[in-house]
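Notes follow the structure.
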Amino acid sequence: MSQWRLPNLDRYRGPLGDVLLAVSGVALLLYLGPTPAHGGTALLAVASAALILIRRRYPVPVLLAGAGVFMLTTALTRPPDGMFILAGVLTYSAAASSPRRRPWFYAALMWGSLMVAGSVVYVADWWTADQFTTFALVFGGAAAGDSTRMRRAYVAEVTERARQAEMSRDEEARRRVMDERLRIARELHDVVAHHIAVISVHAGAAGYALRDEPEKVWPVLGHIRTAADTVLDEIKSVVSVLRDPDEIRSTEPAPGVERLHELLTVLSAVGFAVRHQQRGEPRPLPAVVNLAAYRIAQEALTNAHRYGDGGATLEIEYTVDTVKIGITNRMAGYGHGRPGSGFGLLGMRERAAAARGTIEAGPVAGGLFRVQAELPTDDRAINRLNASTPAERA
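Residue numbers (this note's numbering): 6 to 399.
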């Protein structure tokens, strides 16, 4: 029998708090307002409740709307004392939740609007000792909101640094493993190169033996076979070390551009739309170029899905001696998502370099992020790309 658990109410804490604050504000206005309450106080209570309920989503517009409502109330009737408390609450919300840090500007805007409206309507009668209380409520709300904002920013920064530190530790561990694997791979290169040189020497000797002394060719061929078997054994043993133990072994061929439609289908299934455009006549690509093109498109589309805003555009162009891959997506707005580690871009650059191609990645006009890769398909393109400057390629 499963154990009954209380539902998680954390996601409702903010809305419930706003509802409670709105009800309290209405009660405060009606309690501290004129007795009996007239229609103006009731309308003010309803407008204030609506502003409180949406203050988290639109803090600065709510502050401006609140200042307008309070000025209108002051012009039409003697404002209730609870209105000035609500002015402090709205100023607190703007200082704590607005995208920009301008607490004293918000406080001056709210307090100044009240003072201007009161001075115009009531002239000298407006300036009493009660206005010091209004000043304290509005500017005190701004100070409290700014303090809350700074504390949230500090906690977010500490949390992000802890996450980055954890990520850095994991990346450092992986880097050390990769360094050791590279050292093993270099040792494998030396061993294989030695045995290939032995095979080459014995193959040359076999050629002479076949021409002059055919009966002596069999020992030479035996040495060649032994050296070849040694090379294969060395490669097999070292490659087994280089493999990731968590890697799922597959007998499928390496993916290429022809399998991009499968990737687009998977992305579409998770709600990420990709507009695919192709120019030029498709043709078979060299194995390294084909794999690099697929991996670059895969990584760029994954980053667009993870960090971007909306869908993406995938462009593939076949030219005479190159294949070009372009991925464009809209960048998420400020404060959305989380920053990436940068290893995806590094991996794409390594893929392009392995295929002797070029790649450019970064923001472009219109709030877009674009990855543009150009991979050569023959020696002429390799020479041209290596000789050209970044400005010429652009």
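Each residue gets a CB set at the ideal place from its N, CA and C atoms; glycine is no exception.
Among the options, whose alpha-carbon lies nearest the alpha-carbon of residue i?
i	options	result
residue 52	60, 74, 323 and 62	74
residue 326	383, 89 and 83	383
residue 146	124, 132, 107 and 272	107
residue 335	216, 99, 371 and 152	371
residue 119	130, 139 and 134	139
residue 287	324, 24, 281 and 176	324
residue 337	178, 351 and 315	315
residue 1	262, 153 and 135	Nothing in the structure corresponds to residue 1, since the chain is present only between 6 and 399.
residue 104	65, 91, 59 and 92	65
residue 355	296, 313 and 141	296
residue 87	143, 215, 368 and 292	143
residue 274	305, 310, 292 and 285	310
residue 89	184, 136, 217 and 159	136
Might you give, ordered along the chain, the residues of its own chain that have their beta carbon closer than 6 Å to the beta carbon of residue i, omitting 5 neighbours on each side?
i	result
residue 329	322 and 379
residue 200	232, 235 and 236
residue 260	299
residue 283	321
residue 308	349
residue 377	331 and 365
From which residue to which residue does the alpha helix (DSSP H) around residue i run?
i	result
residue 84	Premise fails: residue 84 is in no alpha helix (DSSP H) and is neither H nor E.
residue 121	108-127
residue 270	265-274
Where does residue i fall in DSSP's three states?
i	result
residue 328	strand
residue 290	coil
residue 374	strand
residue 229	helix
residue 218	coil
residue 382	coil
residue 62	coil
residue 333	strand
residue 138	helix
residue 105	coil
residue 260	coil
residue 133	coil
residue 99	helix
residue 360	coil
Whole angstroms are fine: how far does the CA of residue j sit from the CA of residue i?
i	j	result
residue 361	residue 333	23 Å
residue 320	residue 331	5 Å
residue 166	residue 70	38 Å
residue 109	residue 317	41 Å
residue 130	residue 162	49 Å
residue 342	residue 357	Caution is warranted here: a pLDDT of 44 is assigned to residue 342, below 50, making its placement in the model unreliable, and the coordinate value is therefore given only provisionally. Between residue 342 and residue 357, the C-alpha separation is close to 27 Å.
residue 359	residue 349	15 Å
residue 381	residue 197	29 Å
residue 41	residue 63	Low confidence applies here, because residue 41 scores a pLDDT of 46, under 50, leaving its location unreliable and the question unanswered by this model.
residue 266	residue 239	38 Å
residue 364	residue 112	50 Å
residue 301	residue 277	18 Å
residue 176	residue 312	20 Å
residue 115	residue 134	18 Å
residue 367	residue 182	30 Å
residue 203	residue 305	45 Å
residue 292	residue 272	25 Å
residue 173	residue 164	14 Å
residue 180	residue 353	17 Å
residue 93	residue 128	23 Å
residue 148	residue 85	24 Å
residue 49	residue 132	23 Å
residue 215	residue 208	11 Å
residue 219	residue 191	38 Å
residue 351	residue 303	14 Å
residue 187	residue 178	14 Å
Tell me which residues share the same chain as residue i and place their Cβ nearer than 8 Å to its Cβ, disregarding the 5 neighbours each side in the sequence.
i	result
residue 151	100, 101, 106 and 108
residue 211	222, 225, 226 and 229
residue 294	328, 360, 362, 380, 381 and 382
residue 373	333, 334, 335 and 336
residue 159	none
Note the first and the last residue of the continuous beta strand (DSSP E) segment covering residue i.
i	result
residue 369	363-369
residue 318	313-323
residue 280	279-284
For residue i, which residues of its own chain have a beta-carbon under 7 Å away from its beta-carbon, when the five flanking residues on both sides are left out?
i	result
residue 56	67, 70, 71 and 95
residue 79	119, 122, 123 and 126
residue 264	299
residue 154	100, 101 and 106
residue 60	67, 95 and 98
residue 404	As displayed, the chain neither begins before 6 nor continues past 399, which places residue 404 out of reach and without an answer.
residue 285	322, 323 and 324
Using a Cβ-based criterion (distance less than 7 Å to any ligand heavy atom), does residue i qualify as near the ligand MG?
i	result
residue 185	Here there are no bound small molecules, and the ligand MG is not part of this structure.
Are the C-beta of residue i and some C-beta of chain C separated by less than 8 Å?
i	result
residue 326	Absent here is chain C; the protein component of the structure consists of one chain.
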